[in-house]
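Scroll down for the structure; my scribbles are underneath it.
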Amino acid sequence: MNVMRNKLRGLALALGIFACLALLSPGHAGAQQPGEASTASQPHGKNAEPSKSREAGGEDETAEFKHSASVRLVAKKTGLSLEQAYWLCVVLNFAVIAGLIVWFSKKNLPALFRQRTESIQKAMQEAKKASEEANRRLSDIEDRLSRLGSEIETMQATAEQDSVGEEGRIRASAEEDVRKVVQSAEEEIAAAALAARRELKAYAADLAVSLASQQIQVDAATDKALIRNFANQLSTNGADARKGES
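Here our numbering = 1-based position in the sequence shown + 618.
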């Protein structure tokens, strides 16, 4: 079956090519007769109107195609008239060209459609992944925004606690500094008072000695008399002591 199909396809292709060549290249015998008839029918070539020349040219071309050798051969083989053979060749030519287009389309278009489908599916998958990624990021952003209020409140509470604690530390440090200053001042005052008392005592002792030396005036004679009396007193006391022992 496949061999027959291939043979039929080759035959159809050959017929199509033959028909195309027949329609595009008119035969010599058929081409000369209509040309001579058209030349004889024209009265004067230089005086003919352009429209008639164009119509005559178109008719000449059609006549050339109709009277070509290939059309004559088809008419002879099929038993048709020249006009019918001409239209049969035209239909066969169109059918062969259409068949070739369909054959090449069936051969190449599925691969093209497959590639196009794969590219479209790939693009759809990429778009789906991008959409999922965008939705995930959007959900993350919404989640962060929903937690933003509580985070702000937590930060405010923490800042207030830190400020209260810092204020307490500053107050305690200031009180400690004041206590140290007062203690240092008290110690300095106590030391100054103690030094003043010592100086005052020393000054009072010096003053008393000075006053005593000024009030008591002892000369040499008085000093001798005092020594004599002290000696007599000592001797008297010694005699009384001996008597008491005996």
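Ideal Cβ positions, reconstructed from N, Cα and C, are used throughout, including at glycine.
Keep in mind it's a predicted model, so treat the numbers as computed, not measured.
Worksheet item: When the distance is taken between beta carbons, is residue 704 closer than 7 Å to residue 714?
Response: In the sequence shown, counting from the first residue as 1, residue 714 sits at position 96. In the sequence shown, counting from the first residue as 1, residue 704 sits at position 86. Not closer than 7 Å, so no.
Fill in: Integer Cβ distance of residue 684 from residue 698, believed to fall under 8 Å
As a first step, residue 684 must be located in the sequence shown, where it is residue number 66. As a first step, residue 698 must be located in the sequence shown, where it is residue number 80. Contact flag wrong, Cβ pair sits at about 12 Å.
Practice prompt. Reducing DSSP to helix, strand and coil, say where residue 697 ends up.
Written response: Along the sequence shown, one-based indexing puts residue 697 at 79. It is coil, neither helix nor strand.
Discussion item. Let me confirm a value: residue 711 is counted as buried when at least 16 other C-beta atoms fall within 10 Å, else exposed. Which label applies?
Written reply: In the sequence shown, residue 711 corresponds to position 93, counting from 1. Residue 711 comes out buried.
Item to complete: Could you check what DSSP says for residue 686 in three-state terms: helix, strand or coil?
Response: Within the sequence shown, residue 686 is the residue found at index 68, counting from 1. Of the three classes helix, strand and coil, the one that applies to residue 686 here is coil, per DSSP.
Discussion item. So residue 692 and residue 706 are supposed to be a Cβ contact under 8 Å. How far apart are they, rounded?
Written reply: Looking up residue 692 in the sequence shown gives position 74. Looking up residue 706 in the sequence shown gives position 88. So it is a contact: roughly 6 Å between Cβ atoms.
Worksheet item: Distance, Cα to Cα, residue 694 vs residue 708?
Response: Position 76 of the sequence shown holds residue 694. Position 90 of the sequence shown holds residue 708. When rounded, the distance between both Cα atoms is 16 Å.
Fill in: Buried versus exposed call for residue 764 [16 or more other C-beta atoms within 10 Å across all chains shown]
Position 146 of the sequence shown, counting from 1, holds the residue named residue 764. Classification of residue 764: exposed, given that the 10 Å Cβ count is below 16.
Discussion item. Tell me the rounded alpha-carbon separation between residue 827 and residue 798.
Written reply: Counting from 1 along the sequence shown, the entry for residue 827 is found at position 209. Counting from 1 along the sequence shown, the entry for residue 798 is found at position 180. Each residue's Cα considered, the two are about 43 Å apart.
Practice prompt. Would you tell me roughly how many angstroms separate the C-alpha atoms of residue 814 and residue 789, rounded to the nearest one?
Written response: Translated into positions along the sequence shown, residue 814 becomes position 196. Translated into positions along the sequence shown, residue 789 becomes position 171. Going from the Cα of residue 814 to the Cα of residue 789 covers about 37 Å.
Worksheet entry | Alpha-carbon to alpha-carbon, residue 767 and residue 777 | Locating residue 777 in the sequence shown gives position 159, where the first residue counts as 1. Locating residue 767 in the sequence shown gives position 149, where the first residue counts as 1. So the alpha carbons of these two residues sit roughly 15 Å apart.
Worksheet entry | residue 732 to residue 739 span [Cα, whole Å] | Translated into positions along the sequence shown, residue 732 becomes position 114. Translated into positions along the sequence shown, residue 739 becomes position 121. So the two alpha carbons sit approximately 10 Å from each other.
Discussion item. Buried or exposed for residue 749, going by 16 or more other Cβ atoms inside 10 Å?
Written reply: The residue given as residue 749 occupies position 131 in the sequence shown. Exposed is the call here.
Worksheet item: If you scan the region 788–830 from start to end, which runs of the beta strand (DSSP E) of 3 or more residues do you find wholly inside it?
Response: none
Worksheet item: When the Cα atoms are used, what is the spatial distance from residue 729 to residue 744?
Response: Position 111 of the sequence shown, counted from the first residue, corresponds to residue 729. Position 126 of the sequence shown, counted from the first residue, corresponds to residue 744. Spanning the two alpha carbons is a distance of roughly 22 Å.
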